[in-house]
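Read the structure below first, then the notes.
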Amino acid sequence: MLGFSPDEWTAIFLSLRVATVATIFAIPFAVLAAYALARWRFPGKIVLDSILHLPLVMPPVVTGYLLLLTLGKQGVVGKLLNDLFGFTFSFRWTGAALACGVMGFPLMLRAIRLSFDSIDRRLETAAETLGANSAWTFLLVTLPLALPGIIVGAILCFAKALGEFGATITFVSNIPGETQTIPSAIYAYTQVPGGEAQALRLTLVSVAIAMAALLVSEILNRRVQKQIAVFE
Numbered sequence: 001m002l003g004f005s006p007d008e009w010t011a012i013f014l015s016l017r018v019a020t021v022a023t024i025f026a027i028p029f030a031v032l033a034a035y036a037l038a039r040w041r042f043p044g045k046i047v048l049d050s051i052l053h054l055p056l057v058m059p060p061v062v063t064g065y066l067l068l069l070t071l072g073k074q075g076v077v078g079k080l081l082n083d084l085f086g087f088t089f090s091f092r093w094t095g096a097a098l099a100c101g102v103m104g105f106p107l108m109l110r111a112i113r114l115s116f117d118s119i120d121r122r123l124e125t126a127a128e129t130l131g132a133n134s135a136w137t138f139l140l141v142t143l144p145l146a147l148p149g150i151i152v153g154a155i156l157c158f159a160k161a162l163g164e165f166g167a168t169i170t171f172v173s174n175i176p177g178e179t180q181t182i183p184s185a186i187y188a189y190t191q192v193p194g195g196e197a198q199a200l201r202l203t204l205v206s207v208a209i210a211m212a213a214l215l216v217s218e219i220l221n222r223r224v225q226k227q228i229a230v231f232e
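The structure is reproduced here in structure tokens:
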């Protein structure tokens, strides 16, 4: 019952790889977007905020289809990348990481933005009066204070990426060894006779990883609240 087959191990390791890459590459974009939404004033801010959060409310299949239209081999951007550099996202594990990153991005963005919003502006003002410019103030004061929120956001993005199915299977299909993550493998095993044991094993793995991520996220969130209380 608990003996994983080579295909199951491949799906598990691929899921961890995809989720890790998706989270790492999403972090800098999420930090920049969160800081802009939290601190800057510019025309269309509400529209940008809504667009960045669209993956939370749209069906994942719609997100995956939009990625296919844009970054597929015949997509507007995907065809250009393929013709110029021979690089493609569709039907590759890198495409799965991209789809998972897009789906997990709003969760990360929201956590980081809340962290920026909670920072006492007086600390940044104090740094500027001591001679630090805006860039150094961000790097030495703002970013360290927002680090707990960044960590929480990264964990939420990682957990979301591990469980993503609709956008991934629409964009990169379900190719064993290449794009078949844990959710895709569970779906595949439920479609064949006798695949219930494999599906159950992968389900237990998925639940265990998700629970661990949520527990870590909750612990870090409490630390964030304590940190905010100290500076208040």
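With the UniProt record's numbering applied, the sequence shown corresponds to residues 1 to 232, in that order. Yeah, the Cβ is synthetic: ideal placement off N, Cα and C, and Gly gets one too. The structure displayed is predicted, hence computed values, not measured ones.
In the assembly as shown, L123 is an exposed residue. Its beta-carbon has fewer than 16 other beta-carbons within 10 Å. A distance below 8 Å between beta-carbons, with the five flanking residues on each side excluded, links H53 to the following residues of its chain, in chain order: P106, L109 and R110. Taking C-alpha positions only, A188 is separated from T203 by approximately 12 Å. In this structure, T168 places its C-beta atom within 8 Å of the C-beta atom of G64. In this structure, the beta-carbon distance from L98 to F89 falls below 8 Å.
Distances from the alpha-carbon of M211 to those of L139, I186, I155 and T10 put I155 closest.
Where I175 is concerned, there is no enclosing alpha helix (DSSP H), because DSSP gives it neither an H nor an E. A straight line joining the alpha-carbon of R201 with that of F4 spans about 8 Å.
Of all C-beta pairs linking the region 19 to 33 to the region 159 to 168, three or more are shorter than 8 Å, placing the two stretches in contact. The count of Cβ pairs closer than 8 Å, one atom from the region 8 to 15 and one from the region 64 to 74, stays below three, leaving the stretches out of contact.
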